[in-house]
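*Asks:* Would you mind keeping the following structure in view while I ask a few things?
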Amino acid sequence: MDNGDYFGRPAANMPSMASTAAPTPQRPGTPSESLGRNPFGDGVESQASQRSGNNGNPFSSPSASRPASSFDSASALGRFDGGQRYFHSRRVRKGEVEKPWTKQADPKEKWVTILPILGIIIGLGISGFLVWDGIRSVVKHNYCLVLEENWSNGFNEKVWKKEVQVNGFGNGEFEQTTPGDKNVYVENGNLVIKATPRDDAMMQKDTKIDLLKDGTCTSTSPTACIAYTNITAGNSSIVPPVLSGRINTSPGATIKYGRVEVTAKLPAGDWLWPAIWMMPLESKYGPWPASGEIDIVESRGNNYTHPQGGNNIISSALHWGPTPGNDAWWRTNVKRQALHTTYASGFNTFGIEWSQKYLFTYVNSRLLQVLYVNFDEPMWGRGNFPVQDSNGTRVEDIWGHTGRAQTPFDQPFYLIMNLAVGGTNGWFEDNVNGKPWLDASPNARKDFWQAKDRWLPTWTQPQMEVSKVMMWQQCDGNEDL
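Counting from 1, one number per residue, gives the positions in the sequence shown under UniProt numbering.
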């Protein structure tokens, strides 16, 4: 090869490689240099048109040794093609655009639309049937009004009874319930049940309270009617450190199946224990809890930070079992929390609906249920009680002879409303939130009283207020079946 070839020019008598070989394909988008014009046809000369072969400078680098560029190189060898290159445009012409939707549709594609629509229609149909079936199966009872109490005529002793005792009603409570108007009274159209601390003088000297002697005790048991304070060293006996109230409708209003609604505002204060509940008029199946107990609402006066729940939480429960040690209340116990408030901040309606088939409690609406118990199996079987108790006594089925699944909740019950304080039955757990007494301690009452400076300032609202009580008897005509 001569010097002309070395510098990228063909020899005078030799044909150009570009004229004998096929054109080298350009990189996508690389302009054609053959005519030195803009490939887009705008008539503008490209830079390549101003350069042709050697520029006459003997010291310049040969064309083949220069790096390829989008304008100067037409091939890896850097040779120029004298002929016109073919430019391939990637512009899609209007007539070449594919329109698949104009073609004949696949018959199977219609099911993509039909199947979801069918699914929606079938789903709506099933939902409608379930709603209809649910409404159809709802039992509608007839109710007869038994009591409508709004306290417009004061405290009606023909309907209500004040219970007066000192022994804590089996729960080790620290209050004495009183007969007068100090702790149970009507004010501003509401019934008020208020807890008040006892005078220090009765706690600091020998004192005896004898409710049998003054004839006010509502129990015949001496332990329920007599209390002492004994200041002798080593003696822990004190009279109940708090006065409060407890009333019931046993004289004038009982129901066997039906509804009860109580509109009330609960108290605020540490260790206060409000309750709205029901007990059987007679112990038909034996002493508590064999004849049952219905707790519509119970709460604690402590604030919402109390680990067990304060006045922002209520609970409903049934108590039932052959003996106190076999009380199956924990199987029928449910709590409900107030939403962004407390039950001490305003009035709420606490209710119960009770029939042969079911029993449920609710707050403000029958739709806001707390506890629901379906009597679809005998209560004895539901309890799964042991064959013998802790002392070896055989446990007998005390309800099976009735043939009714709801026994013992198949007898007349009356309503109770009370405000208790403290107690040793576990309602307030030991060593929780600074509880100042231990349930098992013989000094529980005394320890509570000695912590008065801690709990009394929290009693910002030491009363339960009740604005209305309604009781209805179910009167379908089959209540005795």
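Just so you know, even glycine gets a beta-carbon here, dropped at the ideal spot from N, CA and C.
Out of curiosity, what's the CA-to-CA distance linking Trp459 and Arg331?
*Replies:* Each residue's alpha carbon lies about 33 Å from the other.
*Asks:* If you pair each beta-carbon of the segment 286-300 with each one of the segment 257-275, do three or more pairs fall below 8 Å?
*Replies:* yes
*Asks:* Could you check the C-alpha separation between Leu281 and Met417 for me, to the nearest Å?
*Replies:* 15 Å
*Asks:* Could you tell me if Pro408 is buried or exposed, where buried requires 16 or more neighbouring beta carbons within 10 angstroms of its beta carbon?
*Replies:* buried
*Asks:* Applying the 10 Å Cβ sphere with the 16-neighbour rule, what's the burial state of Arg198?
*Replies:* Around the beta carbon of Arg198, a 10 Å sphere encloses 16 or more other beta carbons of the protein chains shown; the residue is thus reported as buried.
*Asks:* Touch check for the segment 211-224 and the segment 433-450: three-plus C-beta pairs under 8 Å?
*Replies:* With a cut-off of 8 Å, the segment 433-450 and the segment 211-224 do not count as touching, because too few Cβ pairs lie within range.
*Asks:* Rounding to the nearest angstrom, what Cα-Cα distance links Glu293 and Lys446 in this structure?
*Replies:* 30 Å
*Asks:* Using three-state DSSP, classify Cys225 as helix, strand or coil.
*Replies:* Helix.
*Asks:* Measure the alpha-carbon distance for Lys194 versus Ser236 and round it to whole angstroms.
*Replies:* 26 Å
*Asks:* Helix, strand or coil, according to DSSP, for Trp459 in the structure here?
*Replies:* coil
*Asks:* Could you tell me which residues DSSP pairs with Thr254 in its beta bridges?
*Replies:* The secondary-structure analysis by DSSP pairs Thr254 across a beta bridge with Tyr414.
*Asks:* Quick one, which of Gly168, Phe155, Met202 has its alpha-carbon nearest Arg185's?
*Replies:* A quick correction: the sequence has Tyr, not Arg, at residue 185. Distance check between Tyr185 and each of Gly168, Phe155, Met202 places Phe155 closest, using alpha-carbon atoms only.
*Asks:* May I have a chain-ordered list of the beta strand (DSSP E) segments no shorter than 3 residues that lie completely inside the segment 164-229?
*Replies:* 175-177, 184-187, 190-194, 207-210, 226-229
*Asks:* Among Met278, Pro251, Tyr343, which one has its Cα closest to the Cα of Leu266?
*Replies:* Tyr343
*Asks:* Which runs of the alpha helix (DSSP H) fall wholly inside the segment 372-428 and span at least 4 residues, in chain order?
*Replies:* Correct list: 379-383.
*Asks:* Could you tell me which of Pro462, Glu98, Leu130 sits nearest to Asn311, measuring between CA atoms?
*Replies:* Among Pro462, Glu98, Leu130, the Cα nearest to that of Asn311 is on Pro462.
*Asks:* Between the beta-carbon of Tyr143 and the beta-carbon of Glu479, is there less than 8 Å?
*Replies:* no
*Asks:* Figure out for me which residue from Ile238, Lys140, Phe385 has the closest Cα to the Cα of Pro442.
*Replies:* Ile238
*Asks:* For the alpha helix (DSSP H) that residue 489 lies in, which residues bound it at each end?
*Replies:* The question about residue 489 has no answer here: the residues shown for the chain are numbered 1 through 481.
*Asks:* Where does Asp133 fall in DSSP's three states?
*Replies:* helix
*Asks:* Closest to residue 488 by C-alpha separation, out of Tyr414, Glu465, Gln473, Pro457, would be which residue?
*Replies:* Within the shown structure, residues of the chain are numbered from 1 to 481, placing residue 488 beyond reach of any answer.
*Asks:* Between Asn55 and the rest of its own chain, which residues show a CB-CB distance below 7 Å, the 5 nearest in sequence each way excluded?
*Replies:* Below a pLDDT of 50, predicted positions are generally treated as unreliable, and Asn55, at 49, falls in that range; the measurement from the model is reported next regardless. Correct list: empty, nothing qualifies.
*Asks:* Rounding to the nearest angstrom, what Cα-Cα distance links Arg85 and Lys108 in this structure?
*Replies:* 49 Å
*Asks:* Which residue marks the beginning of the beta strand (DSSP E) containing Pro274, and which one marks its end?
*Replies:* 272-280
*Asks:* Short check: CB of Thr349 to CB of Asn333, under 8 Å?
*Replies:* no
*Asks:* In terms of residues, what are the limits of the beta strand (DSSP E) holding Asn333?
*Replies:* Boundaries of the beta strand (DSSP E) harbouring Asn333: 333-337, taken from the DSSP string.
*Asks:* Using only alpha-carbon positions, find the residue among Ile231, Val192, Ser219, Asn190 that is nearest to Lys205.
*Replies:* Ile231
*Asks:* Using beta-carbon positions only, say whether Ile313 and Ile352 come within less than 8 Å of one another.
*Replies:* no
*Asks:* Which class does Ile314 belong to by DSSP, given the choice of helix, strand or coil?
*Replies:* Judged by DSSP in its simplified three-state form, Ile314 adopts strand.
*Asks:* Is the shortest distance between the beta-carbon of Phe347 and the beta-carbons of chain C less than 8 Å?
*Replies:* In the displayed structure, chain C is absent; only one protein chain is listed.
*Asks:* Here's the rule: buried if 16 or more other CB atoms are within 10 angstroms of the residue's CB, otherwise exposed. What is residue 521?
*Replies:* Past the boundaries of the shown model lies residue 521; the chain is included only from 1 to 481, so the question cannot be answered.
*Asks:* Do Ala444 and Thr424 come within 8 Å of each other at the CB atom, strictly closer than that value?
*Replies:* Ala444 sits close to Thr424, with the two beta carbons spaced by under 8 Å.
*Asks:* Which of helix, strand or coil does DSSP assign to Val432?
*Replies:* coil
*Asks:* Under a three-way DSSP split, which group does Leu115 fall into?
*Replies:* helix
*Asks:* If you check the beta carbons only, do Leu243 and Thr178 fall under 8 Å apart?
*Replies:* yes
*Asks:* State the Cα-Cα distance for the pair Thr402 and Arg366, rounded to the nearest angstrom.
*Replies:* 30 Å
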